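Notes for the one structure printed next.
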Amino acid sequence: MRGLRQTGKENGILGAGILIMKIQVPEKVQKIIKTLQEHGYDAYAVGGCVRDSLLQRSPADWDITTSAKPLKVKELFRRTVDTGLKHGTVTVMEGKEGFEVTTYRIDGEYEDSRHPKEVIFTADLKEDLRRRDFTINAMAYNDRTGLVDIFGGIEDLRGHVVRCVGNAEERFTEDALRILRAVRFSAQLGFSIEEETKKAAKELAPTLRKISAERIQTELVKLVTSPHPEYLRTAYELGITEIILPEFDAAMRTEQNTPHHCYNTGDHTLKAMESVRADKILRLALLFHDLGKAQTRTTDDQGRDHFYGHPQKSEELAKKILRRLRFDNDTIKKVSMLVRFHECPWECTPKSIRKALSRTDAQLFPLLIEMRRADVMAQSEYRREEKLSRLDKIEEIYREIIRKQECISIKMLAVTGKDLIEAGMKPGKELGDTLDKFLEMVLEDPEKNSKEYLLSKIK
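Positions 19 to 477 (this note's numbering) are the ones given, in order, by the sequence shown.
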């Protein structure tokens, strides 16, 4: 498999689960590992950084596991941060970078599908790897020993499989978020989920109710911005979205009997997310853009479905879901705007587009066009070329408006509130109303955006 490099003999095994494989470990990580080794302790890079290195991906961060106890780690390094001493984690600072160093540990009994009642430190690397979630995340490496792979991580990387370490029910009972993480890793890597792991995930999906909204949000964003956002269907099939995003389940049950569509609402949503680049705001907007159809669907005498008012209902649901999952206000604002206007319901005229820009967000307008294109590509071929051509025309008009710097906001008017006051108008509601009227006037005809002309219109 590409990315699985070995030195020495073919499949050279030094001992049970220990392979000679060379990984390029950053100098700062090497320094931490060597410092611990020089003082008589084991130390390895561990987890996702090892997995990504083997897949020739660039690791987001490097974690280190060691036989040294937390207080000893603090003794050995000049600058440290007490990240989680109770759970054995100390962050070692190398320059401006921080690296989490965690003592080998055995987790005690879990009482809340999240936190172990107690943590027991151990000198056995195998015990530490045994408590990890998936085989592909349960490998360790240093230059002295090579790759430590006790639970078949290499085999599962080669087989493109996400599999729990040991008993899947036990792993998911320890931390229910792992159920969603299984789908997320599957989507990020393009891997399938092993059958026993999948079976346990389906049985224990309801325990995701115990997981905080913030943790659910993090995994959901990683899933929908992955190379395979359509794997959200797996989350649906396993009963995960029923717990974390029931509105999507409703979409999967909503048919679209109309010439414009060839999928149900949920499958259309998945296709739309596939059809756009992996931008967080775009993918989230497409995830939510048609959720309102489940509540607005009507069927006429000919059996054709209609979804009048669904953009507004979808926006309402998007805000509700984003708040429920504790998204930041900026994300809520941007996604909501895109959902509300995702059908681009404007005439292809400069006047209409100027008015649209004044009521939306000019900076987000290109995203709106991009989103609508993905929406169209996830529909049937009925009038597709006509729809795409219309979007091209809207984008062309938009670019010309921006190039000419035509007025699309009160800030861009040739007069200010100060100018109106100097012309004799008193501060207050009348002044604001006048600026609004001037903007409407200029949106109709950009040539009227001159200080002389606008001041001449003051009554």
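For glycine and all other residues, C-beta sits at the position ideal for the given N, C-alpha and C.
Keep in mind that this is a model prediction, so the values were computed, not measured.
key: Exposure of SER10, with buried meaning 16 or more beta-carbon neighbours within 10 Å   = In the structure as shown, the chain starts at 19 and stops at 477, and residue 10 therefore has no counterpart that could be examined.
ask   = Going straight from the alpha carbon of ALA63 to that of THR259, what length do you get?
value = Spanning the two alpha carbons is a distance of roughly 34 angstroms.
ask   = Quick one: any contact between the segment 150 to 166 and the segment 52 to 69, if contact means 3 or more CB pairs under 8 angstroms?
value = As far as the Cβ criterion goes, the segment 150 to 166 touches the segment 52 to 69, which means the pair count is three or higher.
message = Assuming LYS46 and GLU112 are in contact, meaning their beta carbons sit under 8 angstroms apart, how far apart are those beta carbons, in whole angstroms?
response = Indeed they touch by this definition, with Cβ atoms about 4 angstroms apart.
inquiry  = With the cut-off set at 8 angstroms, would you say LEU304 and THR287 are in Cβ contact?
reply    = For LEU304 and THR287, yes; Cβs fall inside 8 angstroms.
request  = Alpha carbon to alpha carbon, how far is ALA336 from ASP79? Give it in angstroms, no decimals.
outcome  = Cα to Cα, ASP79 sits roughly 32 angstroms from ALA336.
inquiry  = Considering Cα atoms alone, identify which of THR121, ALA269 and LYS298 is closest to PHE345.
reply    = Considering only alpha carbons, the answer is LYS298.
task = Assign TYR471 to one of three DSSP states: helix, strand, or coil.
result = When secondary structure is reduced to three states using DSSP, TYR471 falls in the helix class.
query = Between which two residues does the alpha helix (DSSP H) carrying PHE190 extend?
reply = It spans 186 to 192 - the alpha helix (DSSP H) in which PHE190 sits, taken as one unbroken run.
ask   = If you compare alpha carbons, which of THR84, ASP193 and GLY208 is closest to ARG227?
value = Selected option, being the one with the closest Cα: ASP193.
query = If you pair each beta-carbon of the segment 439 to 447 with each one of the segment 407 to 425, do three or more pairs fall below 8 angstroms?
reply = No: the two stretches stay apart, fewer than three of their Cβ pairs being nearer than 8 angstroms.
request  = List the endpoints of the continuous beta strand (DSSP E) containing VAL108.
outcome  = It spans 107 to 112 - the beta strand (DSSP E) in which VAL108 sits, taken as one unbroken run.
query = For ARG202, does the count of other Cβ atoms within 10 angstroms reach 16, so buried, or fall short, so exposed?
reply = Here ARG202 is buried: its Cβ has 16 or more other Cβ atoms, across all protein chains shown, within 10 Å.
inquiry  = I'd like the span of the alpha helix (DSSP H) that includes GLY446, first residue to last.
reply    = GLY446 -> no alpha helix (DSSP H), and no H or E assigned at all.
Separation of THR121 from ALA61, as counted between CA atoms = Straight-line Cα distance between these residues: approximately 9 angstroms.
message = From the DSSP secondary-structure annotation, give me the bridge partner or partners of THR121.
response = Bridge partners of THR121: THR84.
key: GLU462, buried or exposed, once every other Cβ within 10 Å from all chains shown has been counted against 16   = In this structure GLU462 is exposed. Its beta-carbon is surrounded by fewer than 16 other beta-carbon atoms within 10 angstroms.
ask   = With 16 as the cutoff for other CB atoms within 10 Å, does THR316 come out buried or exposed?
value = Using a 10 angstroms sphere on the CB of THR316, the tally of other CB atoms stays under 16, which defines it as exposed.
ask   = CA-CA distance, ARG401 and ILE439?
value = Taking C-alpha positions only, ARG401 is separated from ILE439 by approximately 53 angstroms.
message = Starting from VAL526, trace the alpha helix (DSSP H) in both directions and tell me its first and last residue.
response = Given a span of 19 to 477 for the chain in the structure shown, any question on residue 526 remains unanswerable.
ask   = Where GLY116 and ARG149 are concerned, what is the direct C-alpha to C-alpha distance, given to the nearest angstrom?
value = Computed Cα separation, rounded: 24 angstroms.
ask   = Which residues mark the beginning and the end of the beta strand (DSSP E) in which THR53 is found?
value = First-last for THR53: 45 to 56, but that is the alpha helix (DSSP H), not the beta strand (DSSP E).
query = Taking buried to mean at least 16 other C-beta atoms within 10 Å of its own C-beta, is THR25 buried or exposed?
reply = Note that THR25 has pLDDT 36, beneath the 50 cutoff, so the model's placement of it is unreliable and the number below is only indicative. Counting other Cβ atoms within 10 Å of its Cβ, THR25 stays below 16 and is therefore classed as exposed.
query = How long is the line joining the alpha carbons of LEU431 and THR452, rounded to whole angstroms?
reply = About 12 angstroms.
query = Residue range of the beta strand (DSSP E) that ALA219 falls in?
reply = Per DSSP, ALA219 belongs to no beta strand (DSSP E); it is in the alpha helix (DSSP H), 213 to 222.
key: Residues that DSSP places opposite GLU115 in a beta bridge   = GLU112, per the DSSP bridge assignment.
ask   = Within this structure, are the beta carbons of PHE169 and LEU143 separated by less than 8 angstroms?
value = Taking 8 angstroms as the Cβ cut-off, PHE169 and LEU143 do not qualify as a contacting pair.
query = Can you name, in chain order, every residue of its own chain whose Cβ lies under 8 angstroms from the Cβ of SER370, other than the five neighbours on each side?
reply = Taken in chain order, the residues that qualify are TRP364.
request  = Count the other C-beta atoms from every protein chain shown that fall within 10 angstroms of the C-beta of GLU28, then say buried if there are 16 or more, exposed otherwise.
outcome  = Summary for GLU28: the model assigns pLDDT 33, below 50, so the residue's position carries little reliability, and this model does not support an answer.
inquiry  = Can you tell me where the alpha helix (DSSP H) holding ASN347 begins and where it ends?
reply    = 347 to 358 is the span of the alpha helix (DSSP H), which, as asked, contains ASN347.
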